[in-house]
Structures are given as structure tokens and as C-alpha cells.
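Q:
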DNA sequence: CTGCACGCCGATCTTGACCTCCACGGCTAT
DNA sequence: ATAGCCGTGGAGGTCAAGATCGGCGTGCAG
């Protein structure tokens, strides 16, 4: 009875089996295949056999490129964690107008969840958060993003570090959750409008703290 | 190599082995033990042996009360999902002053994550979201809470249903994420103050939409 | 006193997933 | 052209964890 559905939606045909690739290219291809499978099934439900088959190779080659399943997962995770952190930092540095900063950051989250192959699931919906190595990566993303936001808040409001961090986590969390829920609702509102709406919400909320409130038009 | 740490922090001594209990009491005790283990280790890392040992019984007893591991998990999940939904609904119904509604709701999330044994992890940090039954429960919580908030927003702002839902998910997500992150930071800010701060943020944000903005003092 | 029912336990089975061993085919240097 | 080498493939080992079977002790009805 317990057997769940084993058939997966194959978004792309399985690669022809037997082509020889240079090492680097093969590695990247394996990463791509692994990402598709991990995103579709999660870490635990994903079997190494699935990934190998998806890539059109046999299992030993997989193990010649990655020591184990966890390493493979971590490689992907690191990649996408770094991507989000950089994206958020860029957004915050893209302008000095704080309202535009909020907008750009919000948009960064939306762009991130819309990115290729739903890779954001590895970061935001991982089913391996009990593994310390994974937990560390995910926490790092949350913290680095929150701190980046916190720096701006602390400087422009004069709130304590702890209070600023609380607000920053809140805004980061808001962006993350709402972007996911927006995607999950099949984009029931156009992206621009959604970003605009959330920016209004967040900006009005954050702009009201001490040092602000005054300089707004 | 892959062997992770097997030793768990035992927050409470293992029950003495050999006491006979009536069926109902034993079932409740098993639920309690299971919750402790699932919270501490997550679903996958938690072994039925661990739960049995924690409860001070042998494995067959466990299977005489629950058909399988998943059923045990779902029983706990249902329980705590319903608790949060009810808590949020109560908070929203506790007053007709919208700012106090925000405050009460925010406080409900904080109270929830502070509750006994960190049961909120089962709902907010489950590592079994790929299981449809679990996904369904967790989505239900998010949706029911968002809809409850959405009802208030839609009525008091005149925004479209889709837009209101977006804001509602955002506020729910904000509360959830920030409550978790606050707990994770070892309550670096007193709970009252944190709730107050977040309420300011959320209220200023949400109060600025169409039909509001006017009637605030 | 005695048989019965209930709850409980030690020991075992089986499945499934991660991870390696022996045979094959295409490229290169002479 | 031919011999060697390197990467590939299928089949199998190992082990952990979920799920189960026969026996034991205790308390109560008759």
C-alpha cells in the first residue's frame, strides 16, 4: 500500500545514453540533473538511481564526480544560497533611495523564486534541515540577508541592533513567504503589481520608525 | 563516515520500563513521546525505536496503537495545525479594533512558537513536506490563517480578493518567520517589546491602504 | 483454585537505498 | 592497422529502519 507514485513528470527527455563528455561538462550536466530531481522530489525521495538515469549515465560515474548524495546536494545548495545573498546585496546597493531599495529587494525575492527549475525549493523548502551542514547553509542565507537589510534599517532608524534585526528578519521573511505563496497561487496577480503592493506595505511600515517619518514627502 | 550524531539531548528521563497502562492513557503517552522525538530530530531521523524507547515501551506496543510512522506523525500534525488556526481566529475575533487585531494575531504566533516542546516545528519546519498528506495539512494552516486575515483586510481596504490574499499571506508569513527567528535568537528582545515592534511595522503598513488612512488618529 | 483475557516484550524479517566489483567499447600513438 | 588505456555499464553487498510473530506475566470472573 505505502508505495507512492513512482512516475515523475519528465519535463525534459532523458539524455541519450552513451555520449562521452569532458569532465567539467559532465559534472555540470550531473548537477543539472540532480537539481531537477531534488526539486521535484525532495532530498529523501530522490534516489541516486533517479539522478543517474535522468542524466543518462550509470551510477558509478555519479560517484566519480561526487563522493556521496549529501555532497551533491550541498554543492547545489551552496550555489543557490550564494545566488540569493548576492542578489539581495545587489538590490540594496542598487540605489540610495530607501523606498526603491525596498522595491528592488522585494523584486529580488520574486525573481529568485521564478528562476530556472524552481531551485529556490532547495533553500526555502528543504527536507534536510536536520542535517547540520544544510541547516548551517540555510541559516546563513537568512542571516546574511537579514543583516544586509538590518544595516540599512539600523543606520536610518537608530533602533538597537537587536530590534533592527527583528524587523529585518520580518521583512526578509515576508518577502520570502509571499513570493512563494504568489508562485503557488499561479501568479494570481501580475508580478509587477504584487511587488508594488508589497513594497507599499513594507515601506509604509518601515518608514514610520524614528529618524524617518520626518523626511518623507 | 555518514553516521551523524546518534546521541540526543534527553530533556526528560526515559520512562521506567514495565508499567502497565490502560489503552487510552498509553496512547496519549505515546503521542507525547513521539512529539518529543519528532521535534528534536525531525521525521526522517526519528526512528520508531527511539520513540518506543523514549516512551519506555517496546516497538510492538507502538504498532498496536498506530498503524505506522506516518499515521503517528499526522495525528500530531493535525492536533497542532488546528491549534494554530483556532488561535489566530480567536485573536482576530477578540476585538474590533484593527490595530489590536494585528497585535493579538502577532502575539498568537509568538505564543505558538513558545508553546510546550516546540511543537511548532512540526508545522513550520517539517521535513516531510513532500508527502502529500503533510503538504495538505501545512498548506491548510497557511491558507486558513491567510484567509482569516484576508477577510478583515478585504472588508476594510476594498482591495481585490487576490490582492488582499497577497497581503494577508505576507503578514502571516512575517509573523511566522519573525516569531521563529526571535525564538532562535534566544529571545534577544523581550516578547512584549518584539510584539509591539512588529505590530507597529505591520499596522503602519496595512493601515495605509485605501479605506483606512483616514480614520486613524 | 483455575482458566482466560489483556497488555507487553525479545527476537526476527524484509524492503529499499546508498555505495562498489568485473566485463566492454571507443580513442591514440607508433 | 593494431595494441593499450580510460571511461562506462550492469549486477551485487551492506546496512539501517519500518513492520511483525510467538511467548510471558498479571489480575479477575467463576
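Chains as they are written, first to last, in the numbering used here: chain U, 1 to 217; chain Z, 218 to 434.
No residue lacks a Cβ here, since even glycine has one placed at the ideal position from N, Cα and C.
1. In or out: residue 360 (chain Z) buried (at least 16 other Cβ within 10 Å) or exposed?
2. Please report whether the beta-carbon of residue 382 (chain Z) lies at a distance below 9 Å from any beta-carbon of chain U.
3. Between which two residues does the alpha helix (DSSP H) containing residue 237 (chain Z) stretch?
4. Output yes or no for whether 9 Å exceeds the beta carbon distance between residue 198 (chain U) and residue 114 (chain U).
5. Would residue 264 (chain Z) and residue 250 (chain Z) qualify as a contact pair, given that the criterion is a beta-carbon distance under 9 Å?
6. Give the straight-line distance between the Cα atoms of residue 392 (chain Z) and residue 70 (chain U), rounded to the nearest whole angstrom.
7. Closest to residue 146 (chain U) by CA distance: which of Z:258, Z:402, Z:299, Z:311 is it?
8. On the three-state DSSP scale, how would you describe residue 332 (chain Z)?
9. Could you tell me the boundaries of the alpha helix (DSSP H) in which residue 123 (chain U) lies?
10. Return the CA-CA distance between residue 167 (chain Z) and residue 274 (chain Z), expressed in angstroms with no decimal places.
11. Against chain Z, does residue 209 (chain U) count as a neighbour if the rule is that its beta carbon must be under 9 Å from one of theirs?
12. Per DSSP, what kind of secondary structure is residue 304 (chain Z) in: helix, strand or coil?
13. For residue 303 (chain Z), is the classification buried or exposed, using 16 other Cβ atoms within 10 angstroms of its Cβ as the cut-off for buried?
14. Look at residue 394 (chain Z) and residue 39 (chain U) and say whether their C-beta atoms are less than 9 Å apart.
15. Grab me the residues of residue 298 (chain Z)'s own chain with a C-beta within less than 7 Å of its C-beta, minus the 5 sequence neighbours each way, in chain order.
16. Which two residues bound the contiguous alpha helix (DSSP H) that contains residue 137 (chain U)?
17. Which residues, in chain order, does the segment 31–62 of chain U contribute to contact with chain Z at a C-beta distance below 8 Å?
18. Hey, does residue 373 (chain Z) have any beta-carbon neighbour from chain U nearer than 9 Å?
19. Whole angstroms is fine: what's the gap from residue 290 (chain Z)'s alpha carbon to residue 260 (chain Z)'s?
20. For residue 329 (chain Z), which of Z:317, Z:342, Z:301, Z:344 has the nearest alpha-carbon?
21. What are the start and end residues of the alpha helix (DSSP H) that includes residue 204 (chain U)?
22. Report yes or no: is there a C-beta of chain Z within less than 9 Å of the C-beta of residue 129 (chain U)?
23. Contact between the segment 154–173 of chain U and the segment 405–425 of chain Z is defined here as three or more beta-carbon pairs at a separation below 8 Å; is this criterion met?
A: Per the coordinate set shown:
1. Indexing the second chain from 1 puts residue 360 (chain Z) at position 143. A buried status is given to residue 360 (chain Z), since no fewer than 16 other beta-carbon atoms sit within 10 Å of its beta-carbon.
2. As a working mapping, residue 382 (chain Z) is identified with position 165 in the second chain. Taking Cβ atoms only, chain U reaches closer than 9 Å to residue 382 (chain Z), which makes this a yes.
3. Taking the second chain and counting its residues from 1, one reaches residue 237 (chain Z) at position 20. Unbroken run through residue 237 (chain Z): none, as it is neither H nor E.
4. Counting from one through the first chain, the residue named residue 198 (chain U) turns up at place 198. Counting from one through the first chain, the residue named residue 114 (chain U) turns up at place 114. No.
5. In the second chain, counting from the first residue as 1, residue 264 (chain Z) sits at position 47. In the second chain, counting from the first residue as 1, residue 250 (chain Z) sits at position 33. No, the Cβ-Cβ distance between residue 264 (chain Z) and residue 250 (chain Z) is not below 9 Å.
6. As a working mapping, residue 392 (chain Z) is identified with position 175 in the second chain. As a working mapping, residue 70 (chain U) is identified with position 70 in the first chain. Rounded to whole angstroms, residue 392 (chain Z) to residue 70 (chain U) spans 32 Å at the Cα level.
7. Taking the first residue of the first chain as 1, we reach residue 146 (chain U) at position 146. That would be Z:402, whose Cα lies nearest to the Cα of residue 146 (chain U).
8. Position 115 of the second chain, counted from the start, is the residue given in the question as residue 332 (chain Z). Residue 332 (chain Z): coil per DSSP, three-state reduction.
9. In the first chain, residue 123 (chain U) corresponds to position 123, counting from 1. For residue 123 (chain U), the uninterrupted alpha helix (DSSP H) run begins and ends at 120–124, by DSSP.
10. The structure shown does not extend to residue 167 (chain Z), since chain Z is modelled only from 218 to 434, so the question has no answer here.
11. Position 209 of the first chain holds residue 209 (chain U). Yes, contact with chain Z.
12. Taking the second chain and counting its residues from 1, the one referred to as residue 304 (chain Z) is at position 87. Helix, per DSSP.
13. Numbered from 1 along the second chain, position 86 holds the residue referred to as residue 303 (chain Z). Exposed, since its Cβ has fewer than 16 Cβ neighbours within 10 Å.
14. Along the second chain, one-based indexing puts residue 394 (chain Z) at 177. Along the first chain, one-based indexing puts residue 39 (chain U) at 39. The answer is no: Cβ separation not under 9 Å.
15. To locate residue 298 (chain Z), count along the second chain from 1; it is residue 81. The residues are 340, 354, 357, 358.
16. Here the question's residue 137 (chain U) lines up with position 137 in the first chain. First-last of the alpha helix (DSSP H) with residue 137 (chain U): 132–157.
17. Listed in chain order, the positions of the segment 31–62 of chain U with a beta carbon within less than 8 Å of a beta carbon of chain Z are 41, 42, 44, 45.
18. The residue you call residue 373 (chain Z) lines up with position 156 of the second chain. Closer than 9 Å: no.
19. The residue given as residue 290 (chain Z) occupies position 73 in the second chain. The residue given as residue 260 (chain Z) occupies position 43 in the second chain. Rounded to the nearest angstrom, the gap between the Cα atoms of residue 290 (chain Z) and residue 260 (chain Z) is 8 Å.
20. What you label residue 329 (chain Z) is simply residue 112 of the second chain in a count that begins at 1. Per the Cα distances, Z:301.
21. Within the first chain, numbered from 1, the residue matching residue 204 (chain U) stands at position 204. Counting along the chain, the alpha helix (DSSP H) containing residue 204 (chain U) begins and ends at 191–207.
22. Position 129 of the first chain holds residue 129 (chain U). Taking Cβ atoms only, chain Z reaches closer than 9 Å to residue 129 (chain U), which makes this a yes.
23. yes
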